[in-house]
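For reference, the structure discussed in these notes is given below.
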Amino acid sequence: MAIHSKLDVDELNILLIDEDSARVAEIASALDKSRYKIQHLITSGVSLLKEVDAIQPDIIVIDVESPNRDILESLHTISSYNPKPIVMFSSQEDTEMINLSVESGVSAYVVGDTDPSRVKPILDAAVARFKQYQQLKNELDDTKNQLESREIIDRAKRLLMQKKSMNEDEAFHSMRKAAMDNGQKMEDVAKTVISFLNNSHSKSLL
Amino acid sequence: MISLEKSDINLGFIPLTDSAPLIIAKELGFFEQWGLKVSLRKQNSWATLRDKLHAGIIDAAQMLAPMPIASSLGLGTPVTEVITPMVLSLNGNAITFSEQLYLEILAQNKLSSITFPMAAYLLQSVVKNRLELGKDKLKFANVFPYSCHNYQLRDWLKSAGLSDNDVDLVIVPPVNMVGFLESGEIDGFCVGGPWNAKAVRSGIGITALTSYDIWQDSPEKVLGLLGAFYQKHPNTVLAICAALKQACAWLEDVPNRFEAARIMSHAEYLDANLDVIAPSLLGSCLTHRDMAPRSVPTYNQFSAFNKEAVNQPELVRGEWLIKQMQEAGQLINCEIPPRFISRVFRPDIYQQMQMLLANTNQNKLIRKAQ
């Protein structure tokens, strides 16, 4: 997909949210002449979400202690939101531990310091892990969808067998024929069958 | 006395008026009486407080009531079993508008003043007028997606047939609320103390109603901790709850609450003036610079002599919160496992703690502390 190839080679836009201007300068200089381009520096603001939407950053970088984390948190609740890797920096030594908790799932990674020489490898790792996670998630979603559609088809088949006294083969073939005739997916035909046979007394389907 | 599996405890909190039970339990020595050495860890955001709890950097925390449910369902975070053995406070939030929006409400409704608590329908004409003129929608802030503030604001708007299609709902950290209201970035907010009182004292806002006017006596903050932590440290959890329960009982007396406000104003806690912390604790809702405060006796409620249920994490309360989350559209594609809420809300632990309190003749100690 377009996004993935972009993560591999092209320039990556970073949205850096940090109130510490010294650290901003450090990170900026550490990323000079790399594929990471710091697009915008925002300290705070209600417009943060709008800016995220407008800039479409490839990575978001934020101080783990920033109050603005809660603004970013609302990204998860926007259904149309396209997930982005979030890298969180922290100057407190114990936050390395947070890493353990978040790396397994959501797109957030905490790192213990902002030693300029470490910034680039950290971002590389975050991008790579995020990509991996997204792929895994997509695969899981696909598998889940396949399982679900098989279940729906099975349910429709059973209904046809019960209510239309077809045998299994007849039920399957009648649905396949309907799918081919109407240019529909089997799953969609099955859904129609289910809603029809569950809700209606009519006797004339298929 | 019970034997503790762990006595050094890190407790996370966000500096708000309703963090009183944690601060009082620490300052008045209730934790100490149970052999606990508690360090209160001030946090800047709910998301980071949650992540630190999940990672075990803090052992327990004051949380927004819906947060343990969100963690256990894996909303915005990997699925993590967080339980709540105790409700720490009821009510405590309020909705405040900018002075400018207040004037707009008066003008659009041809009024010379509004009555408190303000009814949401007064916003209808403002919303309509802005739409007709092609002006920006009203922008209201709350503190976290999984917060009662969010659901209360939605519920109140709904009472006038308004929804997030008609107004923009955004998340703003409490510390930035008053500044954003002043700069016009937002037109109003739903937040806990001391931020409503702060907006009124600064002369930039009007507190139209409190959360008590929307939902009577709903759980606001709860104690949250990992299910795994409880399994390893059951006695420690009972001791933490017992000390917090004592603090809540102490806070039942109104005169004590003024003392609590003084303690909380210190830099390591709320770092705010007494005149913005004390009012809500004393049952006074500041309304507007030029208007009298309004009496809301249970603005902040931590305990009640005749209502044992205040601190009890009853299952119905959890189920009710899940309903609010559903209505806010947060549970689409999210399956609630059977008997889910009884794994998160744990009245069984609360009841054990009460038996412990009854058996451990702590009453004398409470009186001494008073």
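First to last, the protein sequences are chains X and U. Counted the way my numbering counts, the first sequence spans residues 1 to 206. Counted the way my numbering counts, the second sequence spans residues 1001 to 1370. For every residue, glycine included, the Cβ atom is placed at its ideal position computed from N, Cα and C.
Asked	Found
Partner residues on chain U for Arg-69 (chain X), Cβ-Cβ distance less than 7 Å	Ser-1045, Ala-1047 and Thr-1048
Residue of X:Met-161, X:Asp-188 and X:Val-119 minimising C-alpha distance to Ile-27 (chain X)	X:Val-119
is_contact[Ile-1002 (chain U), chain X] using C-beta, thresh 8 Å	no
Local conformation of Ser-34 (chain X) per DSSP, three classes	coil
Residue of U:Leu-1244, U:Glu-1259, U:Ser-1280 and U:Ile-1069 minimising C-alpha distance to Gly-1029 (chain U)	U:Leu-1244
Limits of the unbroken beta strand (DSSP E) element including Ser-1098 (chain U)	1093-1098
Stretch pair the region 176-183 of chain X + the region 150-158 of chain X: three plus CB contacts closer than 8 Å	no
Cβ pair Thr-1236 (chain U), Glu-1081 (chain U) closer than 8 Å	no
N- and C-terminal bounds of the alpha helix (DSSP H) containing Asn-1273 (chain U)	Unbroken run through Asn-1273 (chain U): none, as it is neither H nor E.
Own chain, CB closer than 7 Å to Ser-104 (chain X), minus 5 neighbours either side, in chain order	Here the model assigns Ser-104 (chain X) a pLDDT of 44, short of 50, so the residue's position is not dependable and the matter cannot be decided.
Residues bridged to Pro-116 (chain X) [DSSP beta-bridge criterion]	Partner(s): none; Pro-116 (chain X) has no beta bridge.
Closest Cα partner of Thr-1017 (chain U) within the set U:Ser-1295, U:Val-1276, U:Glu-1027 and U:Arg-1343	U:Val-1276
Proximity to Asn-1138 (chain U) [Cα-Cα], best of U:His-1288, U:Glu-1104, U:Tyr-1230 and U:Leu-1036	The question names Asn, but residue 1138 (chain U) is Leu in the sequence shown. That would be U:Glu-1104, whose Cα lies nearest to the Cα of Leu-1138 (chain U).
Of the residues U:Met-1264, U:Ala-1249 and U:Gln-1351, the one placed nearest Gln-1301 (chain U), counting alpha carbons only	U:Ala-1249
Reduced DSSP category for Asp-1290 (chain U) - H, G, I as helix; E, B as strand; rest coil	coil
For Ser-104 (chain X), three-class secondary structure by DSSP	Low confidence applies to Ser-104 (chain X): its pLDDT is 44, below 50, so where it sits in the model is not reliable, and the reading given next is rough at best. Of the three classes helix, strand and coil, the one that applies to Ser-104 (chain X) here is coil, per DSSP.
Residues of the region 1145-1179 of chain U whose Cβ lies closer than 7 Å to any Cβ of chain X, in chain order	Pro-1145, Val-1170, Ile-1171, Val-1172, Pro-1173, Val-1175 and Asn-1176
Start-to-end residues for the beta strand (DSSP E) that takes in Gly-1192 (chain U)	1188-1192
Per-residue contacts from Val-1406 (chain U) into chain X (C-beta, under 7 Å)	Residue 1406 (chain U) lies beyond the residue range present for chain U, which begins at 1001 and ends at 1370; the question has no answer from this structure.
Neighbour flag for Leu-140 (chain X) against chain U, beta carbons, 8 Å	no
Residue-chain proximity (Ser-66 (chain X), chain U), Cβ-Cβ < 8 Å	yes
CB contact below 8 Å: Leu-49 (chain X) versus chain U	yes
Under 8 Å between C-beta atoms of Leu-1251 (chain U) and Ala-1242 (chain U)	no
Burial state of Cys-1190 (chain U), where buried means 16 or more other Cβ atoms lie within 10 Å	buried
Met-1063 (chain U) and Lys-1221 (chain U) closer than 8 Å at C-beta	yes
Three-way DSSP call (helix, strand, coil) for Ser-79 (chain X) in this model	Caution applies to Ser-79 (chain X), whose pLDDT of 49 falls short of 50 and renders its modelled position unreliable; the value that the coordinates give is listed next. DSSP places Ser-79 (chain X) in coil when its eight states are reduced to three.
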